[in-house]
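To start, the structure under review is shown below, and the notes come after it.
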Amino acid sequence: MGEHLLSAILFTPLVGVLVLLFIPGSMKTAIRWWANISAVAGFLVSLPLILNFNKSLDGYQFVERVNWIPALGVQYLIGVDGISVLMVMLTTVMGMLAIFASWDSINDKVKEYYAMFLLQQVGMIGVFISLDFMLFYVFWELVLVPMYFIIGVWGGPRKLYAAIKFFLYTLAGGVLMLLGIITLYLQHMAQTGVATFEIAQLMNTQMPLWMEQLVFWSFFLGFAIKVPMFPFHTWLPDAHTEAPTAGSVILAAVLLKMGTYGFIRFSLPLLPNASADRMIVNVLAVLSIIGIIYGALVSLMQQDWKKLVAYSSVSHLGFCTLGIFALNHQGIAGSVIQQINHGISTGMLFLIVGVIYERRHTREIKEYGGLAHVMPNYAIVFAFAMLSSAGLPLLNGFIGEFTILQAAFQANMAWGAFAVTGVVFGAAYLLWLYQRTMLGEVTNEKNKGLKDLNWKEWAVFVPLMAWAIAIGVYPKPYFDILEKPVAAIVERVNRQTAPVSAAIQPVETKSEAR
Amino acid sequence: MSSYYTATDHFVLLPALLLGLFACATLLFDFWVFPESKRRKHLAWFVLMGEVFASVAYMRQQMFLNQHGGELQAFGGSLVVDQFALYFHWIFVIATAITVVMSYRYLEVRDEHHGEYYGLIMLAQTGMYFLASGNELVVLFTGLETMAITFYVLVGMLKRDQRSNEAAMKYFLLGGLSSGLLVYGFSLLYGMAGSTKLREIAAAMASRAQDDTVLFLAVATILTGLLFKVAAAPFHIWAPDTYEGAPTVVTAYLAVASKAASLALLLRILLGPLGLAREVWEPILAGAALLSMTVGNIAAVTQTNTKRLLAYSSINHAGYILLGVVAGNQTGIQGVLVYTLVYVFMTLGAFLVLTVLCRESTTGEDINDLHGLMKRNPAHAIWMLIFLLSLAGIPPTAGFIGKYFIFLSLIETGHYYLAAAAAIYVAVAIYYYFRIVKSMFIEKEETEMPPLSLSWGTKTALLATGVMTLGIGIYPEPFVRFAQQTLVR
Chain A
578 MGEHLLSAIL FTPLVGVLVL LFIPGSMKTA IRWWANISAV AGFLVSLPLI LNFNKSLDGY
638 QFVERVNWIP ALGVQYLIGV DGISVLMVML TTVMGMLAIF ASWDSINDKV KEYYAMFLLQ
698 QVGMIGVFIS LDFMLFYVFW ELVLVPMYFI IGVWGGPRKL YAAIKFFLYT LAGGVLMLLG
758 IITLYLQHMA QTGVATFEIA QLMNTQMPLW MEQLVFWSFF LGFAIKVPMF PFHTWLPDAH
818 TEAPTAGSVI LAAVLLKMGT YGFIRFSLPL LPNASADRMI VNVLAVLSII GIIYGALVSL
878 MQQDWKKLVA YSSVSHLGFC TLGIFALNHQ GIAGSVIQQI NHGISTGMLF LIVGVIYERR
938 HTREIKEYGG LAHVMPNYAI VFAFAMLSSA GLPLLNGFIG EFTILQAAFQ ANMAWGAFAV
998 TGVVFGAAYL LWLYQRTMLG EVTNEKNKGL KDLNWKEWAV FVPLMAWAIA IGVYPKPYFD
1058 ILEKPVAAIV ERVNRQTAPV SAAIQPVETK SEAR
Chain B
317 MSSYYTATDH FVLLPALLLG LFACATLLFD FWVFPESKRR KHLAWFVLMG EVFASVAYMR
377 QQMFLNQHGG ELQAFGGSLV VDQFALYFHW IFVIATAITV VMSYRYLEVR DEHHGEYYGL
437 IMLAQTGMYF LASGNELVVL FTGLETMAIT FYVLVGMLKR DQRSNEAAMK YFLLGGLSSG
497 LLVYGFSLLY GMAGSTKLRE IAAAMASRAQ DDTVLFLAVA TILTGLLFKV AAAPFHIWAP
557 DTYEGAPTVV TAYLAVASKA ASLALLLRIL LGPLGLAREV WEPILAGAAL LSMTVGNIAA
617 VTQTNTKRLL AYSSINHAGY ILLGVVAGNQ TGIQGVLVYT LVYVFMTLGA FLVLTVLCRE
677 STTGEDINDL HGLMKRNPAH AIWMLIFLLS LAGIPPTAGF IGKYFIFLSL IETGHYYLAA
737 AAAIYVAVAI YYYFRIVKSM FIEKEETEMP PLSLSWGTKT ALLATGVMTL GIGIYPEPFV
797 RFAQQTLVR
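First to last, the sequence lines map onto chains A and B. Adding 577 to a residue's 1-based position in the first sequence gives its number in the working numbering. Adding 316 to a residue's 1-based position in the second sequence gives its number in the working numbering.
Right, here's the structure in full:
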């Protein structure tokens, strides 16, 4: 298994799906057990990855290569570096917890639900380990269909609208990204005569700046819609709000990270000149900052608990993209760590909404108040999640935001100054939410008899809380594992800029001489 | 050339002879061998036997070509068998075989005649043979009309159904008009070249100026006729009504086989004698492709009849295929070939599911008839989902490979705007395809219906189309190679 560890991680959930298909739909308990076993197996199989990962090595590890479609230059090429290892772990852990959290909340079409969830795990893991661009694209699109069904079948009242909106937005971005991929592939083929989608080889492509920018914007549409960055974020609140709890958790924790991961894995290393281009960096940073502030302000306004959390995602993901386009080591490393943090904290926040929604079937904030008296444990967990999300020191959120802000200040004082306000607003909407729902007297009669967390809910929250503390207190392993890959990306972006500007220089002098 | 009918002539013509003879025999067998109408469904076996015979003949031609390369000419160059023609012949065989096995159940349900239906289907295939293999204007036109006239009859086969009659009449009138225009264009070509053979016309064209008015007129009329046949906008008006009114099995056959045959003709003419007039037809074709995608996609959004919806979707697909011709390089033509093959499987599959839905009580054509299909027949719903994803072009299904080639060729030839438009329309298309998905998976049915009963034929056909749709998507290598080899002269 040693050589095929990544394939094993990738296909474990698929095996789960295939077996699941043969369990009759009426045996709900058996289906639940099997789905959970598959998810736990998926996590256990992924453990050797992080344990055996050698963080002092450059390049990719656990690489597997099979010629898949030679006629098109597509390979089944998978491998991981520090960034992808963290993403894969995030996926398997969150997937396992989300599937467990669905035990009581999903009672309709149980078999289909778990099949979709496990299928989605395959797609997401595939996205994070693909080293072939076309393979990546296949997994990228593969994720859409299960999520469409998860939202559309098991979602809230406006589920159909939310589901198709999610699908259309992300698909449109994806297909336009495909055009960029093809352009890059053709350029590479024209220069080297080799037809391949292998990322390591595509990096050697030299393109005129305008073309690189064109490709960058096409990638941008794909990734930015997924993240989502500011003008493309409108699908997110709908999808998040209407999805079932576990769906929201996975959507926030993992699915959105596909976009930010795309920027880090593809946009920066493949298009270093365009990525370092001043205009592009400025646009991206400004969009990120708008996202941070806008997301936070809109969160302040929300009457719907879940929608509030959804908009807070827009704000937090703004930090992630800002970190990436600070284009320095701290920024990118901080961004990756913040992506994990966002997965943990926002995942927890969505689970918290799910807990109360299952008991009361409403998400209106004004329906609640004083829950701390009725559900003290719940209030404690919520306080923990809120503080982690708001970036309290010694908890995970602080590490990410602090590093990113540091990087932003290094890159541009103004960016840092604006982004900091996002932290303030973030604390504001979270604390206010907490105050309105948890503190004070119990205002609503219906809330008096609510039960506190049961063991299943605890079982989901405890690992997440432990992970949050672990990152907050001792983030060094994460920075260590990111050291090499991030350094390589930063070096590539900065090195590529220098010779090009030097190369442009002589051409200009020459024309002057004439 | 002293002899009129040489061994080579026979070798080349054999499949068409077999198909034609089997077609006539089917018509006769109808009441000779099976006097009781109940047993006439067994004629399907007989048709399949004919397909096997034709396949053997094709296989021998294929082996000959693989061994010796080049092409086979017959009747003084009027008929030609090359890899290109054979590629389409295989598509016709596949399409006909699948249509036949999915038909007998439908004919039973609708209480229609078997013999005439199967006979006409094979006769149409005979016409298609000449469209793919013809290398001479008169042969091509005869083939086209053989195919078209059988289709006029097939479309109107449900004589007790008003919509079917209306569809046949519309198709016949507009089809006649387009054939007239086409043959007018052919006559202009003949006038310019003094020959009806495509090779000689091509040679004569080389010496003509590109801004020739007569040439433009010829191109315009021929394109009008051809665009009508492949159901591309702005000559698509017949398609929705005809597709909706025709018996579902005929719709399926019309949508795939007739379109593929017309594409073969289009490629033969545009890349052959009119190859040098590319500057004249390329912008027209690009416009038609763009318009087809626009009309197809936008009109499909509001349809509530699934057959109509798929009709508009087929107009949209015609647009994508034409884009491959617009790109026109090796990749583009390869893309057209791959797309056509893929299109056959996914479209037949989708219509197949609709055919299964048709029973005594309901026609199964309304989008609401699909409600709750996932609960009743999960296998059908899942196959249909795969066909729809493929039609939309989502990996890892076959449809993606087709679209990929089109995008690739467009970018390769610098048609960035067309590529971007084609890409955007993928997202539009998903909206209406997923209305069907929504209907199957999410909506609940109003009245409980018993699960559908299935014949062996539909099961086999469903499995075949489904496996191919997924198979080409997951492992396209052999199919891509096959299409590539077709283009090597």
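Backbone N, C-alpha and C fix where the C-beta goes; we use that ideal spot for every residue, glycine too. Since we're looking at a predicted model, the values are computed, not measured.
Limits of the alpha helix (DSSP H) - the one that residue i falls within
{"i": "residue 936 of chain A", "result": "906-937"}
{"i": "residue 740 of chain B", "result": "732-757"}
{"i": "residue 355 of chain B", "result": "No alpha helix (DSSP H) contains residue 355 of chain B, which DSSP labels as neither H nor E."}
{"i": "residue 437 of chain B", "result": "431-449"}
{"i": "residue 674 of chain B", "result": "That residue, residue 674 of chain B, is in no alpha helix (DSSP H); it is neither H nor E in DSSP."}
Helix, strand or coil at residue i according to DSSP, with G and I counted as helix
{"i": "residue 654 of chain A", "result": "strand"}
{"i": "residue 677 of chain A", "result": "helix"}
{"i": "residue 710 of chain B", "result": "coil"}
{"i": "residue 513 of chain B", "result": "strand"}
{"i": "residue 1080 of chain A", "result": "Because residue 1080 of chain A sits at a pLDDT of 41, beneath the cut-off of 50, its placement in the model cannot be relied upon, and the following sentence gives the value as read from the coordinates. Helix, per DSSP."}
{"i": "residue 621 of chain B", "result": "strand"}
{"i": "residue 388 of chain B", "result": "strand"}
{"i": "residue 1022 of chain A", "result": "helix"}
{"i": "residue 1029 of chain A", "result": "coil"}
{"i": "residue 728 of chain B", "result": "helix"}
{"i": "residue 819 of chain A", "result": "helix"}
{"i": "residue 682 of chain B", "result": "strand"}
{"i": "residue 789 of chain A", "result": "helix"}
{"i": "residue 761 of chain B", "result": "coil"}
{"i": "residue 775 of chain A", "result": "strand"}
{"i": "residue 452 of chain B", "result": "strand"}
Interface flag, residue i vs chain A, CB-CB below 8 Å
{"i": "residue 575 of chain B", "result": "no"}
{"i": "residue 325 of chain B", "result": "no"}
{"i": "residue 317 of chain B", "result": "Residue confidence for residue 317 of chain B is low, a pLDDT of 49 falling below 50, so the modelled location carries little weight and cannot support an answer."}
{"i": "residue 754 of chain B", "result": "yes"}
{"i": "residue 793 of chain B", "result": "yes"}
{"i": "residue 617 of chain B", "result": "no"}
{"i": "residue 369 of chain B", "result": "no"}
{"i": "residue 517 of chain B", "result": "no"}
{"i": "residue 797 of chain B", "result": "yes"}
{"i": "residue 399 of chain B", "result": "no"}
{"i": "residue 711 of chain B", "result": "yes"}
{"i": "residue 646 of chain B", "result": "no"}
{"i": "residue 800 of chain B", "result": "yes"}
Short CB-CB distance (under 8 Å) between residue i and chain B
{"i": "residue 714 of chain A", "result": "yes"}
{"i": "residue 704 of chain A", "result": "no"}
{"i": "residue 722 of chain A", "result": "yes"}
{"i": "residue 654 of chain A", "result": "no"}
{"i": "residue 760 of chain A", "result": "yes"}
{"i": "residue 596 of chain A", "result": "no"}
{"i": "residue 729 of chain A", "result": "yes"}
{"i": "residue 744 of chain A", "result": "yes"}
Limits of the unbroken beta strand (DSSP E) element including residue i
{"i": "residue 598 of chain B", "result": "Unbroken run through residue 598 of chain B is the alpha helix (DSSP H), 594-617; no beta strand (DSSP E)."}
{"i": "residue 396 of chain B", "result": "395-397"}
{"i": "residue 646 of chain A", "result": "638-646"}
Reference residue i; option with closest CA among the options
{"i": "residue 514 of chain B", "options": "B:712, B:779, B:447", "result": "B:447"}
{"i": "residue 758 of chain A", "options": "A:923, A:635, A:887, A:649", "result": "A:649"}
{"i": "residue 643 of chain A", "options": "A:633, A:632, A:656, A:635", "result": "A:656"}
{"i": "residue 914 of chain A", "options": "A:926, A:841, A:888, A:853", "result": "A:841"}
{"i": "residue 723 of chain A", "options": "A:947, A:711, A:694, A:745", "result": "A:694"}
{"i": "residue 696 of chain B", "options": "B:705, B:673, B:414", "result": "B:673"}
{"i": "residue 587 of chain A", "options": "A:624, A:779, A:605, A:603", "result": "A:624"}
Bridge-paired residues (DSSP) for residue i
{"i": "residue 707 of chain A", "result": "A:655"}
{"i": "residue 941 of chain A", "result": "A:881"}
Proximity test, residue i beta-carbon vs the ligand FMN heavy atom, cut-off 7 Å
{"i": "residue 929 of chain A", "result": "The ligand FMN is not among the ligands present in this structure, which contains no ligands whatsoever."}
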